[in-house]
Amino acid sequence: GQQLNQSPQSMFIQEGEDVSMNCTSSSIFNTWLWYKQEPGEGPVLLIALYKAGELTSNGRLTAQFGITRKDSFLNISASIPSDVGIYFCAGPPPFGNEKLTFGTGTRLTIIP
Amino acid sequence: EPEVTQTPSHQVTQMGQEVILRCVPISNHLYFYWYRQILGQKVEFLVSFYNNEISEKSEIFDDQFSVERPDGSNFTLKIRSTKLEDSAMYFCASSEELGLSYEQYFGPGTRLTVT
Numbered sequence: 001g002q003q004l005n006q007s008p009q010s011m012f013i014q015e016g017e018d019v020s021m022n023c024t025s026s027s028i029f030n031t032w033l034w035y036k037q038e039p040g041e042g043p044v045l046l047i048a049l050y051k052a053g054e055l056t057s058n059g060r061l062t063a064q065f066g067i068t069r070k071d072s073f074l075n076i077s078a079s080i081p082s083d084v085g086i087y088f089c090a091g092p093p094p095f096g097n098e099k100l101t102f103g104t105g106t107r108l109t110i111i112p
Numbered sequence: 113e114p115e116v117t118q119t120p121s122h123q124v125t126q127m128g129q130e131v132i133l134r135c136v137p138i139s140n141h142l143y144f145y146w147y148r149q150i151l152g153q154k155v156e157f158l159v160s161f162y163n164n165e166i167s168e169k170s171e172i173f174d175d176q177f178s179v180e181r182p183d184g185s186n187f188t189l190k191i192r193s194t195k196l197e198d199s200a201m202y203f204c205a206s207s208e209e210l211g212l213s214y215e216q217y218f219g220p221g222t223r224l225t226v227t
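Protein sequences appear in the order of chains A and B.
For the first sequence, position 40 matches number 40 in our numbering, and the numbering has no gaps at all.
Position in the second sequence (from 1) plus 112 gives the number in our numbering.
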């Protein structure tokens, strides 16, 4: 099946720093979704991307749909303590299936 | 803001027992899903449901699993005879009309512990 690999696997950063993470696939995706999951909670949708090259922001978060359609990037500017969590990329496979394939996740820890 | 709700938040059951996990999707959504997440791992698709029938299921979703929409608001996942390896977080999700949006909104999850 399709695999979405995220890097880095984990990040330890200081409050106020910017964060960059990415998600890559061996096959093309037509939609990229970024979710955040906090401990004991369900994934919360942050950003949805629908076109190659698209750059979309949600507050301090910015995500990009890679030109090759095989990758996506998420940036968080000026990190704050509540940004802590696991960030997952996800996407539906091509040809109209509804199920989401989730990435391996990037765990973000913020040092005060 | 509308949200997906799930009950119970935590279910402990003995191996071999039946469990039913309940979900109330967002009211104007038409597609419903169940996913699971084993501790420390990524979220995995189980099943999707549309127009009162299963539209897709994964290899995890074997004969022990079933889903139902018993009324206009609830969506349930039943595990007929639980196994130790069924212990996981189970998430319900819903989305609007396919083709208009692939955005799936997740509930807070039910933690299932099989002993």
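In this text, a Cβ means the ideal position worked out from N, Cα and C, and glycines have one as well.
N-terminal and C-terminal residue of the beta strand (DSSP E) that glutamate 168/B is part of:
Counting along the chain, the beta strand (DSSP E) containing glutamate 168/B begins and ends at 165-169.
Just to confirm before moving on: does the CB-CB distance between leucine 151/B and phenylalanine 177/B stay below 8 Å?
Taking 8 Å as the Cβ cut-off, leucine 151/B and phenylalanine 177/B do not qualify as a contacting pair.
To test your reading of the DSSP string, which unbroken beta strand (DSSP E) runs of 3 or more residues are found completely within the region 16-67 of chain A?
Scanning the region 16-67 of chain A for uninterrupted beta strand (DSSP E) segments of 3 residues or longer gives 19-25, 32-37, 44-49, 55-58 and 61-65, listed from N- to C-terminal end.
Please decide whether threonine 104/A counts as near chain B, where near means a Cβ-Cβ distance under 8 Å.
At least one CB atom of chain B sits nearer than 8 Å to the CB of threonine 104/A.
Comparing alpha-carbon positions, which option in Asn163/B, Val226/B, Phe161/B and Ser160/B lies nearest arginine 192/B?
Here the closest residue by C-alpha is Val226/B.
For the ligand GDP, any of its heavy atoms closer than 7 Å to the Cβ of glutamine 153/B?
With respect to the ligand GDP, the structure offers nothing, as it holds no ligand at all.
Beta-carbon proximity of tyrosine 202/B to arginine 148/B, cut-off 8 Å:
The answer is yes: Cβ separation under 8 Å.
Which same chain residues, not among the five before or five after leucine 196/B, have their C-beta less than 7 Å away from its C-beta?
Non-local C-beta neighbours of leucine 196/B in its own chain, meaning closer than 7 Å and more than five positions away in sequence, comprise Met127 and Val226, ordered along the chain.
Mark proline 43/A as exposed unless 16 or more other C-beta atoms lie within 10 angstroms of its C-beta, in which case mark it buried.
The C-beta of proline 43/A has 16 or more other C-beta atoms within 10 Å across all chains shown, which makes the residue buried.
Unbroken beta strand (DSSP E) run spanning asparagine 75/A, endpoints
First-last of the beta strand (DSSP E) with asparagine 75/A: 71-76.
Go ahead and pull the three-state DSSP assignment for glutamate 76/B.
As displayed, chain B neither begins before 113 nor continues past 227, which places residue 76/B out of reach and without an answer.
Using the rule of at least 16 other Cβ atoms within 10 Å of the residue's Cβ for burial, across every protein chain shown, is lysine 99/A buried or exposed?
Residue environment analysis places lysine 99/A among the buried positions, since at least 16 neighbouring C-beta atoms fall within 10 angstroms of its C-beta.
Exposed unless 16 or more other CB atoms sit within 10 angstroms - verdict on glutamine 153/B:
Glutamine 153/B is exposed by the Cβ-count criterion.
So if I threshold CB-CB distances at 9 Å, which residues from the region 39-60 of chain A count as touching chain B?
Cβ contacts with chain B come from Gly40, Glu41, Gly42, Pro43, Val44, Leu45, Ala48 and Tyr50.
What residues from chain A crowd round serine 193/B, counting only those whose CB sits closer than 7 Å?
At a C-beta separation below 7 Å, serine 193/B has no neighbours in chain A, since its nearest C-beta there lies roughly 25 Å away.
Thinking C-alpha only, which one of Asn140/B, Phe173/B and Leu224/B is nearest serine 207/B?
Among Asn140/B, Phe173/B and Leu224/B, the Cα nearest to that of serine 207/B is on Asn140/B.
Which residues in chain A have a C-beta closer than 7 Å to the C-beta of serine 160/B? List them in chain order.
By Cβ distance, chain A contributes Glu98 and Lys99.
Measure the beta-carbon distance from proline 93/A to glutamine 2/A and round it to whole angstroms, keeping in mind my assumption that it falls under 8 Å.
For proline 93/A against glutamine 2/A, the beta-carbon gap comes to about 6 Å, under 8 Å, which counts as contact.
Only counting the same chain, and skipping five residues up and downstream in sequence, which positions put a Cβ closer than 7 Å to that of aspartate 198/B?
Only Ile191, Leu224 and Val226 meet the Cβ criterion.
Sheet register partners of lysine 190/B (DSSP bridge):
According to DSSP, which records beta bridges pairwise, lysine 190/B is partnered with Ile132/B and Ser178/B.
Roughly how many angstroms separate the alpha carbons of lysine 169/B and leucine 189/B, rounded to a whole number?
Using only the alpha carbons, I get a separation of about 13 Å.
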